[in-house]
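A short worksheet on the structure shown next.
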């Protein structure tokens, strides 16, 4: 009996070791393919290399225990885990020669029904969207961005996840995006919820556009439950509406979580309490996951 138990323990340990080695091998391949994508000389080659990266990533995410694997060495690719550990966003971009970008995303989500992690591919539909701030979107019609933070909210049994992201847009301007991710009963991801309340109306997501030469900060302040951001203004009054000439004017606004909505607060006063979000202390376990031009 002791011999049989010993063999079982050995085999279990061997299988775990083998699975870990397999994930490390996938990570090495993904690292090489991602670097190759960014080193190519034209858009056609870049997309071809990116397709190879996608195929390898799909296979990697199908592996047992892939959800727990960090894939730390894969450059310029975000592996963002939600705080409740229910899902993970894998997110990256492909830059084009004309200054625009295309965004790619997978979501790994734990399914109570199948009792395993399921993977959803999310498709960038930004170029085809009109008035995207008011649209309810899904995995096939996503407003693409590079996400850098997931903010959870919960009311009763309903959960939302507010996403902070960056969009390189084009040679003239960049964008910052505040979106909302939720999941249907069947697990399908949904983007955009009418919870952004401004003086004029209520939006499903918020998109800021500003000059390529400027830097805009959009950060979450957990103690105040606020998303704090630079107020944008044109360089000159006659340039109003020409967003490639917009930039921070050294005042700040915020969305504050009130009664299940993000409510806009204008011209807030920045005190010492806010210093942490503008001067965050880097933790040893954090890594530089990607380098958008302005984050």
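In our numbering, the protein residues as written are -8 to 286.
Where is the CB? At the ideal position from N, CA and C, for every residue including glycine.
Candidates the options, of which the one nearest residue i by Cα
i, options, result
"residue 148", "123, 251, 81", "251"
"residue 126", "219, 195, 263", "195"
"residue 77", "63, 35, 172, 241", "172"
"residue 184", "261, 253, 47", "253"
"residue 256", "221, 229, 225", "221"
"residue 106", "190, 120, 88, 178", "178"
"residue 241", "122, 152, 258, 150", "258"
"residue 15", "193, 53, 64, 36", "64"
"residue 214", "243, 81, 263", "263"
"residue 82", "113, 104, 56, 103", "113"
"residue 176", "104, 225, 36", "104"
"residue 56", "226, 11, 36", "11"
"residue 189", "249, 229, 226, 120", "249"
Chain-order list of residues whose beta-carbon lies under 7 Å from that of residue i (same chain, five-residue window excluded)
i, result
"residue 58", "79, 99, 108"
"residue 44", "21, 24, 25, 28"
"residue 234", "164, 200, 201"
"residue 66", "22, 25, 26"
Sub-8 Å separation of residue i and residue j beta-carbons
i, j, result
"residue 95", "residue 115", "yes"
"residue 223", "residue 211", "no"
"residue 71", "residue 141", "yes"
"residue 162", "residue 90", "yes"
"residue 130", "residue 101", "no"
"residue 174", "residue 128", "no"
"residue 69", "residue 17", "no"
"residue 31", "residue 40", "yes"
"residue 299", "residue 73", "Past the edges of the chain, shown from -8 to 286, lies residue 299, and the structure says nothing about it."
"residue 53", "residue 13", "no"
Run of the alpha helix (DSSP H) containing residue i, from where it starts to where it stops
i, result
"residue 131", "Note, residue 131: premise wrong, no alpha helix (DSSP H); not H, not E."
"residue 294", "Examination of residue 294 is not possible in this model, given that the chain is present from -8 through 286 alone."
Contacting residues, own chain, Cβ-Cβ under 6 Å from residue i (five flanking each side not counted)
i, result
"residue 117", "134, 135"
"residue 92", "84, 86, 159"
"residue 156", "136, 137, 138, 168"
"residue 209", "155, 167, 220"
"residue 7", "Confidence is the limiting factor: at residue 7 the pLDDT is only 47, short of 50, which leaves the residue's position unreliable, though a coordinate-based value still follows. Excluding residues within five positions, none has a Cβ falling inside 6 Å."
"residue 38", "none"
"residue 49", "none"
"residue 205", "238"
"residue 132", "116"
Residue range of the unbroken beta strand (DSSP E) whose run includes residue i
i, result
"residue 69", "69 to 72"
"residue 227", "That residue, residue 227, is in no beta strand (DSSP E); it is neither H nor E in DSSP."
"residue 247", "237 to 249"
"residue 158", "149 to 158"
"residue 143", "137 to 146"
"residue 78", "78 to 86"
"residue 75", "Taken as a continuous stretch (DSSP letters only), residue 75 belongs to no beta strand (DSSP E), as it is neither H nor E."
"residue 211", "209 to 212"
"residue 113", "107 to 114"
"residue 170", "164 to 174"
Assumed close pair residue i, residue j - CB separation to whole angstroms, cut-off 8 Å
i, j, result
"residue 180", "residue 207", "Wrong, their Cβ atoms sit about 26 Å apart, outside the cutoff."
"residue 260", "residue 217", "At roughly 12 Å, the Cβ-Cβ gap does not stay under 8 Å, so residue 260 and residue 217 are not in contact."
"residue 124", "residue 198", "6 Å"
"residue 88", "residue 19", "Residue 88 to residue 19, Cβ: 29 Å. No contact."
Contacting residues, own chain, Cβ-Cβ under 8 Å from residue i (five flanking each side not counted)
i, result
"residue 2", "Confidence at residue 2 is low in this model, with a pLDDT of 42, below 50, so its placement is unreliable and no value can be given for it."
"residue 278", "Caution applies to residue 278, whose pLDDT of 38 falls short of 50 and renders its modelled position unreliable; the model cannot decide the point."
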